[in-house]
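Here's the structure we're looking at; comments come further down.
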Amino acid sequence: MARREIASEIKKVNINGKEIKAQNWTTSGNDKYRSMLPFYLKGADGIILVYDIICERSFKEMNEWFEELKKHVDRNVIIALVGNKCDLESRRFTAYETGKKFAEENNFFLFEETSAMNSINVEKVFNDILKKIVEEKL
71 MARREIASEI KKVNINGKEI KAQNWTTSGN DKYRSMLPFY LKGADGIILV
121 YDIICERSFK EMNEWFEELK KHVDRNVIIA LVGNKCDLES RRFTAYETGK
171 KFAEENNFFL FEETSAMNSI NVEKVFNDIL KKIVEEKL
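Numbering-wise (our numbering), the sequence shown opens with residue 71 and increments by one.
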């Protein structure tokens, strides 16, 4: 099955008693999308950076993506770092502690590991960042 390289979803969610409309843009880490970052990031209140814990290159590129993000977003944007594919522990390349350290060093709001395949912590990450946005920005 082919992976979608760009997707957008808008949904209404209730966070702390407030109904908000959340728009989620998802892009692959493909370099061809870097030039489109300003469009996707315009007005963003929160960003979730995702890397693949079983792919060395994926984590190594996080610093480059973060530097690129900083050029296009408000300094106060809320950022979460997510290591995906935690269900594939036996194939892990990037240690949990390595991801957590990167998130702490860059003052990210949250670090979490997820499995999109098995729905582990995915909703938690979205809910946590939305709660933080509501608390700080709305």
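Yeah, the Cβ is synthetic: ideal placement off N, Cα and C, and Gly gets one too.
A quick note: this is a predicted structure, and the numbers were derived from the prediction, not measured.
- The alpha-carbon separation between Trp95 and Leu107 amounts to approximately 11 Å.
- According to the DSSP assignment, Thr164 belongs to no alpha helix (DSSP H), since it is labelled neither H nor E.
- When only Cα atoms are considered, Glu193 and Arg145 end up about 25 Å apart.
- Sixteen is the threshold: since fewer than 16 other Cβ atoms of the shown chains lie within 10 Å of the Cβ of Asn188, the residue is exposed.
- In the DSSP assignment, Glu182 falls within the beta strand (DSSP E) that extends over 180-184.
- Beta-carbon to beta-carbon, Ala114 and Val143 are separated by about 6 Å, close enough to satisfy the 8 Å threshold.
- Annotation for Leu151: the continuous beta strand (DSSP E) segment containing it runs 148-154.
- Excluding sequence positions up to five before and after Ile124, its CB lies within less than 7 Å of the CB of Lys155, Leu158, Arg161, Arg162, Phe163, all in the same chain and listed in chain order.
- When rounded, the separation of the alpha-carbon atoms in Gly87 and Glu174 is 30 Å.
- In the structure shown, Ala173 falls within a helical segment according to DSSP collapsed to helix, strand and coil.
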